[in-house]
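What follows is a single structure, written as structure tokens, with notes after it.
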Amino acid sequence: MKRTGAQILCESLVCEGVDVIFGISGGTVIPLYDAFSEYPQIRRVLVRHEQAAAHAAAGYARTRHKAGVCVATSGPGATNLVTGIADAYMDSTPMVVITGQVATRLIGKDAFQECDITGITLPIIKHNYLVHDVNDLARIVKEAFHIAQTGRPGPVLIDIPKNVQLAVTDFEYPDTITLPGYAPETQPDPSHVMTAATLLNKAERPVIISGRGVIISQAHEELRELAEKYDAPVVHTMLGLGSFSPHHDLNLGMLGHHGTVAANRAVQNADLVLAIGTRFGDRATMRTSDFACKAVVVHIDIDPAEIGKNVVPLASVVGDARAVLRSLNPLVHPANRREWLQQVRTWRSEHPLVPASRTEKLSARTVIRSICRSADDNTIIVTGVGQHQMFTAQEYASPRTNGLISSGGLGTMGFELPAAIGAKMASAADSVWLIAGDGGFQMTMQELSTVVQEGLPIRMAIISNGYLGMVRQWQDLFQQRNYVDVALHAPDFVKLAEAYGITAIRVDKEDEIGPALRQANVHNGPFLIDFVVDAEENVYPMVAPGESLDCMIECPQKVVA
Numbered sequence: 005m006k007r008t009g010a011q012i013l014c015e016s017l018v019c020e021g022v023d024v025i026f027g028i029s030g031g032t033v034i035p036l037y038d039a040f041s042e043y044p045q046i047r048r049v050l051v052r053h054e055q056a057a058a059h060a061a062a063g064y065a066r067t068r069h070k071a072g073v074c075v076a077t078s079g080p081g082a083t084n085l086v087t088g089i090a091d092a093y094m095d096s097t098p099m100v101v102i103t104g105q106v107a108t109r110l111i112g113k114d115a116f117q118e119c120d121i122t123g124i125t126l127p128i129i130k131h132n133y134l135v136h137d138v139n140d141l142a143r144i145v146k147e148a149f150h151i152a153q154t155g156r157p158g159p160v161l162i163d164i165p166k167n168v169q170l171a172v173t174d175f176e177y178p179d180t181i182t183l184p185g186y187a188p189e190t191q192p193d194p195s196h197v198m199t200a201a202t203l204l205n206k207a208e209r210p211v212i213i214s215g216r217g218v219i220i221s222q223a224h225e226e227l228r229e230l231a232e233k234y235d236a237p238v239v240h241t242m243l244g245l246g247s248f249s250p251h252h253d254l255n256l257g258m259l260g261h262h263g264t265v266a267a268n269r270a271v272q273n274a275d276l277v278l279a280i281g282t283r284f285g286d287r288a289t290m291r292t293s294d295f296a297c298k299a300v301v302v303h304i305d306i307d308p309a310e311i312g313k314n315v316v317p318l319a320s321v322v323g324d325a326r327a328v329l330r331s332l333n334p335l336v337h338p339a340n341r342r343e344w345l346q347q348v349r350t351w352r353s354e355h356p357l358v359p360a361s362r363t364e365k366l367s368a369r370t371v372i373r374s375i376c377r378s379a380d381d382n383t384i385i386v387t388g389v390g391q392h393q394m395f396t397a398q399e400y401a402s403p404r405t406n407g408l409i410s411s412g413g414l415g416t417m418g419f420e421l422p423a424a425i426g427a428k429m430a431s432a433a434d435s436v437w438l439i440a441g442d443g444g445f446q447m448t449m450q451e452l453s454t455v456v457q458e459g460l461p462i463r464m465a466i467i468s469n470g471y472l473g474m475v476r477q478w479q480d481l482f483q484q485r486n487y488v489d490v491a492l493h494a495p496d497f498v499k500l501a502e503a504y505g506i507t508a509i510r511v512d513k514e515d516e517i518g519p520a521l522r523q524a525n526v527h528n529g530p531f532l533i534d535f536v537v538d539a540e541e542n543v544y545p546m547v548a549p550g551e552s553l554d555c556m557i558e559c560p561q562k563v564v565a
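The letter at position 445 of the sequence shown is residue 449 when you use this note's numbering, and the numbering goes up by one with no holes.
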């Protein structure tokens with residue numbers, strides 16, 4: 005059947021099961037949006053800035069475990085997506101990015117709103133395409149979704165010139181694809197699994213590090229089976245939170261820069277570290293030369309490029325985390341590690357996370373702890389980046405697997421609101437709680453309009469401390485309180501929300517937290533709470549930049565070694 009390129013793209017998206025896209029129209033995608041009107045099964049979400057389209061697609065992808073889709077026009081529309089593409093690339097988020105491009109005859113001639121978006125995104129994307137021939141389009145879409153969603157997931161960009169969107173050809177969506185240069189290893193080498201098992205069975209003080217790869221592969225049950233059979237404590241990278249129950253007795257919380265004392269001490273005193281689906285990022289390992297220096301390291305990851313990149317393991321297994329654990333678990337011997345577990349539990353009990361008591365002002369930790377502890381199996385928590393993010397990571401207590409969505413590797417302020425939109429679109433039956441700082445929220449707060457336009461009952465908690473809080477904390481601790489360009493003017497968030505038609509309240513007392521959360525949870529529609537908190541509360545524990553995990557600042561007067 006004859007179809008235009010724009011119709012072929014729409015038909016291809018339908019074939020891939022796409023039910024929602026996020027974007028903004030513009031000159032070079034007008035033919036595409038014209039075609040979209042013929043496909044009501046694809047819901048179009050008109051955001052207010054293209055960066056939000058990419059973050060919303062990420063929130064959708066991380067909730068639904070399938071590629072999110074965003075669309076933008078050429079030039080500034082495409083470049084506005086770049087931050088969201090980089091964020092998805094760093095956090096292994098599957099995404100298909102569709103951009104319009106000037107007509108092929110104008111490429112390279114500095115035409116209006118022309119830019120080389122395939123060149124711009126080369127370092128931050130898994131793969132990209134510039135479509136020259138409409139006859140290639142269906143195949144390219146099929147390949148793009150396959151690449152984005154297999155192996156180590158990531159973003160793939162398809163740049164489509166306007167004349168290709170208007171060209172007409174026969175449409176037939178391919179059943180198969182042929183990509184000889186792309187063959188991710190998902191099934192592990194049995195000999196490598198045996199080597200790993202042999203090392204695990206010799207260990208007396210093992211620790212398991214669970215990263216985002218466990219969530220991507222949905223290996224939650226396999227991880228729990230291993231931890232319980234092997235009787236080993238589990239710590240998490242920030243993006244690994246939600247892979248193992250926070251209420252399990254073997255859970256020690258997050259490790260790293262703002263990790264718990266118990267998690268960091270366990271890693272530094274272990275004789276074996278089994279790392280699953282993590283790239284050993286610097287915020288998790290801190291000073292790499294001293295990381296787990298008493299331990300044998302065994303690394304499981306689907307991306308062979310991550311093996312030995314930051315931490316050199318004694319043994320490694322390349323493959324999908326779920327497949328590897330299914331092969332490994334039967335080979336691991338049960339063991340009695342009473343002394344080791346007693347030690348890590350002692351560290352956990354002796355070093356609890358304590359809300360600030362330095363002033364009578366509301367503690368950000370207390371607010372966030374209340375939100376996290378009220379979360380159930382049907383709650384998704386989305387954060388931005390900064391102090392509120394670290395408080396949330398430390399206090400995360402939801403029984404839901406994959407219940408925390410946050411920007412990890414790129415650390416993108418402004419991620420929270422559009423990502424919450426994407427998460428809600430992906431799972432309408434779930435309650436979505438957004439936790440934002442007053443700095444990051446102002447970067448994408450125009451998306452409140454999108455929330456109302458789409459009728460999304462998102463609950464929003466703004467932690468208002470009047471600062472770029474994490475930067476202020478570093479200036480407090482390491483720059484002799486030389487606060488430079490961190491004091492933050494903000495609008496009246498209650499009035500701002502009301503201007504968009506959103507119900508909002510302000511809370512500045514501890515006894516108001518519970519009633520406010522209950523009011524938000526029963527409200528039929530979006531609801532915003534502006535929590536006015538202590539301006540100078542810091543996040544502890546904290547490992548200073550350049551230090552090892554052994555050197556933790558637990559409070560202003562106490563360094564834990």
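For each residue, glycine too, the CB sits at the ideal point set by N, CA and C. Quick caveat: nothing in here was measured; it's all calculated off a predicted structure.
Neighbour-count burial assignment, residue i, 16 or more Cβ in a 10 Å radius
i, result
"F149", "buried"
"L126", "exposed"
"D174", "exposed"
"T3", "With the chain represented from 5 up to 565, any question about residue 3 goes unanswered, as that position is not in the structure."
"P334", "exposed"
"F482", "exposed"
"H191", "Note that residue 191 corresponds to Gln in the displayed sequence, not to His. With fewer than 16 Cβ atoms within 10 Å of its Cβ, Q191 is classed as exposed."
"S247", "buried"
"V526", "exposed"
"R352", "buried"
"E502", "exposed"
"T566", "Because the chain spans 5 through 565 in this model, residue 566 falls outside it and cannot be assessed."
"V172", "exposed"
"D442", "buried"
"L183", "exposed"
"D324", "buried"
In DSSP terms, what residue i is bridged to
i, result
"R510", "D534"
"V526", "Answer is none; V526 lacks a bridge partner."
"D163", "T103, L134"
"A423", "Per DSSP, none; premise fails for A423."
"A491", "Y471"
Close beta carbons around residue i, own chain, < 6 Å, minus the five adjacent residues each side
i, result
"D286", "none"
"A115", "V106"
"Q55", "N84, T87, G88"
"L414", "A90, D91, M94"
"T103", "A76, A82, I121, D163"
Host beta strand (DSSP E) of residue i (start-end)
i, result
"F26", "24–27"
"A279", "276–280"
"S435", "435–441"
"K6", "6–8"
"L50", "47–50"
"I385", "383–387"
"T405", "Unbroken run through T405: none, as it is neither H nor E."
Residues of its chain near residue i, where Cβ-Cβ distance is below 7 Å and the 5 sequence neighbours each way are ignored
i, result
"F566", "In this structure the chain extends from 5 to 565, so residue 566 is not present and cannot be described."
"D381", "P403, R404"
"Y574", "With the chain covering only 5 through 565, there is no way to say anything about residue 574."
"A62", "G72, G88, D91, A92, T97, M99, A423, G426"
Neighbourhood of residue i by C-beta distance below 8 Å, restricted to the same chain and skipping five residues each side
i, result
"T292", "F284, D286, N314, V315"
"C14", "L36, A39, F40, E42, Y43, I46"
"H252", "R228, A231, V238"
"R377", "E399, A401"
"S221", "G281, I306, D324, A325, R326, A327"
Span of the alpha helix (DSSP H) around residue i
i, result
"D174", "Unbroken run through D174 is the beta strand (DSSP E), 172–174; no alpha helix (DSSP H)."
"I34", "34–40"
"D286", "286–289"
"L500", "497–503"
(request) Output the residue ranges of the alpha helix (DSSP H) runs that lie fully inside the region 196–266 and measure 4 residues or longer, sorted by chain position. (result) As for any alpha helix (DSSP H) of minimum length 4 sitting wholly inside the region 196–266, the runs are 216–220, 224–234, ordered along the chain.
(request) Identify every run of the alpha helix (DSSP H) within the region 443–471, keeping only runs that are complete inside it and at least 4 residues long; order them along the chain. (result) The alpha helix (DSSP H) runs of length 4 or more contained entirely in the region 443–471 are, from start to end of the chain, 452–458.
(message) Just to confirm the assignment: which complete beta strand (DSSP E) runs, minimum length 3, are found wholly within the region 293–374?
(response) Runs of the beta strand (DSSP E) inside the region 293–374: 300–305, 319–322.
(message) Which runs of the beta strand (DSSP E) at least 3 residues long sit entirely within the region 66–144? Give them in chain order.
(response) Runs of the beta strand (DSSP E) spanning 3 or more residues and lying entirely within the region 66–144 occur at 72–76, 99–105, 131–134, in chain order.
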